[in-house]
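Asker: To convert, take the position in the sequence shown, counting from 1, and add 2; that gives the working numbering. Next up is a structure, given as structure tokens.
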Amino acid sequence: MQLNILFYLALILFTGLIFGRAVKLAKLPNVTGYLIAGLLIGPFVLRLVPADTVKGLELVSEMALAFIAFSIGSEFKLTYLKKVGPMPIVIAIFEGLAATAVVTLILVLFGFNTEVALLLGAIASATAPAATIMVVKQYRARGPVTETLLSVVALDDAVALISFGFAIAVVNMLQNPGESSVLLSILEPAGEILGSLLLGFLLGILFTIPLRWFRKDSNRLIITCGFVFLGSSLASMLGLSPLLLCMAMSAMLVNMSNSGDSILKLTDTVTPPIFLMFFVVSGMELDITVLPQVGLIGILYIIFRVIGKVAGASLGAAIMKAPKVIRKYIGFSLVPQAGVAIGLSLLAAQLVPEYGQTIRAVILSATLIYELTGPAITKASLDRAGELNA
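Now the structure itself:
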């Protein structure tokens, strides 16, 4: 009997809800329970949800990531940016580049292929904002570490794209001396970032127009969903970053309209089931069969990426003379890694096809471990910083 897609969505919702509650007994964040639920019912463990069905649930992931990005963008209020100055930008640059440098250097020192080391190093800079946002929302975290963290994870996507663009340029030079353009390889991701931001800002301006005539919450929720879906779809069609575009749109909205904060509160009323489904689906995509293939290169990547992130974030915070609590805990909150890293690993595998399977195994294994442990580490960091309120 062919089961309806709605049956699988119901299974995802109920399983996620049960496991989200169960992990509370171990004082773990809900998101960890959602991921474990997905891992168990997915095609690699109990196989309650077939692989084809999981692929058909991509729309859930697209919706969730668009709303997550929209939520992050609201942190970029001019009043906040004037108060903190360039600190989040400096921390994001240092933590991203430090992760890249440390992973690349360690892999080269251990004798691994230079091109693979460069590509994995660049991918190491990426951080998954979704898990971080969920932890912040669940525990209603507030304080200097949380505020800085939300800004840093928002900027992290841009740093990762630029790092990867630079790595591609160097790899192309090593493979085709004198034939590849370094400038072109760097300009391509820079263009993607700039295009995403400009289109996001434009949509943010347009967003404010219908808000003048529609004041009922129900109408404003419809407008919000429409613009979030429009932004994400335009980004995909134009080869831009849906995350950056939706962040930019939200940032423009909260700075141009007095209704910005109320719009964000409205979205919080409808997003919980979407976010739950997203993380359960993410758990179903975690392929535990790749773990035996990871080897030394994967172990080094998993360990030294975290070391690079923590050291780089602390150094950036120290340079900006940030409060001690930020210097101490910001880096440990940047462990999760998922979608962007997996996407970049596919591009990396195309560049060095002979090492494609190795790169894929390393990133998928790292994603599995980081996604299951990262939210708990983020929670512990914010707890020690004294910023959890639930």
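Backbone N, C-alpha and C fix where the C-beta goes; we use that ideal spot for every residue, glycine too.
#1: Between the Cα of LEU19 and those of VAL137, ALA382, LEU37 and GLN177, spot the shortest distance and give me the residue it belongs to.
#2: Quick check on DSSP: helix, strand or coil for ALA143?
#3: My assumption, with CB atoms under 8 angstroms, is that GLY167 sits in contact with GLU190. Please give the rounded CB distance.
#4: DSSP three-state call for PRO52: helix, strand or coil?
#5: Can you grab the Cα-Cα spacing for the pair ILE7 / ILE225, in whole Å?
#6: For the alpha helix (DSSP H) holding GLY314, just list the boundary residues, first then last.
#7: Can you grab the Cα-Cα spacing for the pair SER243 / ALA126, in whole Å?
#8: Mind reading off the beta-carbon distance from VAL154 to ILE332? Whole number of angstroms is fine, and I expect it under 8 angstroms.
#9: What span of residues does the alpha helix (DSSP H) with ARG23 cover, start to end?
#10: From what residue to what residue does the alpha helix (DSSP H) around PHE231 run?
#11: First and last residue of the alpha helix (DSSP H) that includes LYS330?
#12: Is GLU356 buried or exposed, if buried means 16 or more other CB atoms sit within 10 Å of its CB?
#13: If we count Cβ pairs, one from each stretch, closer than 8 angstroms, do we get three or more for the segment 317–324 versus the segment 292–309?
#14: For a quick check, are the C-beta atoms of GLY98 and ALA162 less than 9 angstroms apart?
#15: How big is the Cα-Cα spacing for ARG362 and GLN177?
#16: On the premise that PRO88 lies in contact with THR394, defined as a C-beta separation below 8 angstroms, what is that separation, rounded to the nearest angstrom?
#17: Do you know whose CA, among GLY193, PRO146, LEU236 and ALA340, lies nearest LEU204's CA?
#18: Let me know the secondary structure DSSP gives SER76 once reduced to three states.
#19: Measuring CB to CB, does VAL282 end up less than 9 angstroms from ILE14?
#20: Could you spell out the range, first to last residue, of the alpha helix (DSSP H) harbouring ASN32?
#21: Sorted by chain position, which residues of the same chain lie with C-beta nearer than 7 angstroms to LYS216's C-beta, five sequence neighbours on each side aside?
#22: Considering only residues of the same chain and omitting the five flanking positions on each side of ILE371, which have a CB-CB separation below 8 angstroms?
#23: Can you list, in chain order, the residues of its chain whose CB lies under 7 angstroms from that of GLU389, leaving out five sequence neighbours each side?
#24: Alpha helix (DSSP H) containing ASP263: first to last residue?
#25: Is the distance from the Cβ of THR102 to the Cβ of GLY310 below 9 angstroms?
#26: Indicate whether the contact test is met: 3 or more Cβ pairs, each with one atom in the segment 249–261 and one in the segment 70–84, closer than 8 angstroms.
#27: For LEU80, which residues in the same chain have their Cβ closer than 8 angstroms to its Cβ, ignoring the five residues on either side in sequence?
#28: Given this structure, state the Cα-to-Cα distance separating LEU366 from ASP289, to the nearest angstrom.
#29: Quick one: what does DSSP say LYS85 is sitting in, helix, strand or coil?
#30: Could you give the residue range of the alpha helix (DSSP H) that holds ILE290?
#31: Can you tell which of ALA350, ALA378, THR369 and ILE379 has the C-alpha that lies nearest to the C-alpha of VAL1?
#32: If I'm right that LEU340 touches ALA130 with Cβ under 8 angstroms, what's the distance once you round it to whole angstroms?
Answerer: Judging by the given coordinates:
#1: Mapped onto the sequence shown, residue 19 falls at position 17. Among VAL137, ALA382, LEU37 and GLN177, the Cα nearest to that of LEU19 belongs to LEU37.
#2: Counting from one through the sequence shown, the residue named residue 143 turns up at place 141. It is coil, neither helix nor strand.
#3: Here residue 167 refers to the residue found at position 165 when the sequence shown is read from its first residue. Here residue 190 refers to the residue found at position 188 when the sequence shown is read from its first residue. That pair is a contact at about 6 angstroms.
#4: Mapped onto the sequence shown, residue 52 falls at position 50. Coil at PRO52, not helix or strand.
#5: Position 5 of the sequence shown, counted from the start, is the residue given in the question as residue 7. Position 223 of the sequence shown, counted from the start, is the residue given in the question as residue 225. Their Cα atoms are separated by approximately 27 angstroms.
#6: Within the sequence shown, numbered from 1, the residue matching residue 314 stands at position 312. Its alpha helix (DSSP H) spans residues 297–321.
#7: Indexing the sequence shown from 1 puts residue 243 at position 241. Indexing the sequence shown from 1 puts residue 126 at position 124. Their backbone Cα atoms lie some 18 angstroms apart in a straight line.
#8: Mapped onto the sequence shown, residue 154 falls at position 152. Mapped onto the sequence shown, residue 332 falls at position 330. 7 angstroms between Cβ atoms; contact.
#9: Position 21 of the sequence shown holds residue 23. It spans 7–24 - the alpha helix (DSSP H) in which ARG23 sits, taken as one unbroken run.
#10: Looking up residue 231 in the sequence shown gives position 229. 219–240 is the span of the alpha helix (DSSP H), which, as asked, contains PHE231.
#11: By 1-based counting over the sequence shown, the position of residue 330 is 328. Per DSSP, LYS330 belongs to the alpha helix (DSSP H) from 326–331.
#12: Your numbering for residue 356 matches position 354 in the sequence shown. Classification for GLU356: exposed.
#13: no
#14: For this step, residue 98 is matched to residue 96 along the sequence shown. For this step, residue 162 is matched to residue 160 along the sequence shown. Result yes, Cβ atoms of GLY98 and ALA162 sit closer than 9 angstroms.
#15: Counting from one through the sequence shown, the residue named residue 362 turns up at place 360. Counting from one through the sequence shown, the residue named residue 177 turns up at place 175. Going by the C-alpha atoms only, they are around 20 angstroms apart.
#16: Lying outside 3 to 392, the shown extent of the chain, residue 394 is not represented and no answer is given.
#17: Start at 1 with the first residue of the sequence shown, and residue 204 comes out as number 202. Of the listed residues, the one whose Cα sits closest to LEU204 is LEU236.
#18: On the sequence shown, residue 76 is found 74 positions in, with the first residue counted as 1. The answer is coil: DSSP assigns SER76 none of H, G, I, E or B.
#19: One-based indexing of the sequence shown puts residue 282 at position 280. One-based indexing of the sequence shown puts residue 14 at position 12. Taking 9 angstroms as the Cβ cut-off, VAL282 and ILE14 qualify as a contacting pair.
#20: Working through the sequence shown from its first residue, we reach residue 32 at position 30. Start and end: 32–43.
#21: Your numbering for residue 216 matches position 214 in the sequence shown. According to the sequence provided, residue 216 is Phe. The question's Lys does not apply to it. So the qualifying residues of the chain are ARG222 and ILE225.
#22: Position 369 of the sequence shown, counting from 1, holds the residue named residue 371. If we look at ILE371 and ignore the five residues flanking it on each side, its Cβ neighbours are ILE304.
#23: Here residue 389 corresponds to residue number 387 of the sequence shown, with the count starting at 1. Excluding sequence neighbours, GLU389 sits near ALA143, ARG144, GLY145, VAL147 and THR148.
#24: For the purposes of this step, residue 263 is taken as residue 261 along the sequence shown, with counting starting at 1. From DSSP, the alpha helix (DSSP H) with ASP263 extends over 262–286.
#25: One-based indexing of the sequence shown puts residue 102 at position 100. One-based indexing of the sequence shown puts residue 310 at position 308. Yes, they are a contact pair.
#26: yes
#27: If you number the sequence shown from 1, residue 80 lands on position 78. Counting only Cβ-Cβ distances below 8 angstroms, and skipping sequence neighbours, we find ASN257.
#28: On the sequence shown, residue 366 is found 364 positions in, with the first residue counted as 1. On the sequence shown, residue 289 is found 287 positions in, with the first residue counted as 1. Answer to the nearest angstrom: the Cα atoms are 7 angstroms apart.
#29: Indexing the sequence shown from 1 puts residue 85 at position 83. DSSP places LYS85 in helix when its eight states are reduced to three.
#30: Position 288 of the sequence shown holds residue 290. Looking at the DSSP string, ILE290 is not in any alpha helix (DSSP H), and its letter there is neither H nor E.
#31: Outside the shown range of the chain, which is 3 to 392, sits residue 1, and nothing can be said about it.
#32: On the sequence shown, residue 340 is found 338 positions in, with the first residue counted as 1. On the sequence shown, residue 130 is found 128 positions in, with the first residue counted as 1. Looking at the sequence itself, residue 340 is Ala, so the reference to Leu does not match. 4 angstroms between Cβ atoms; contact.
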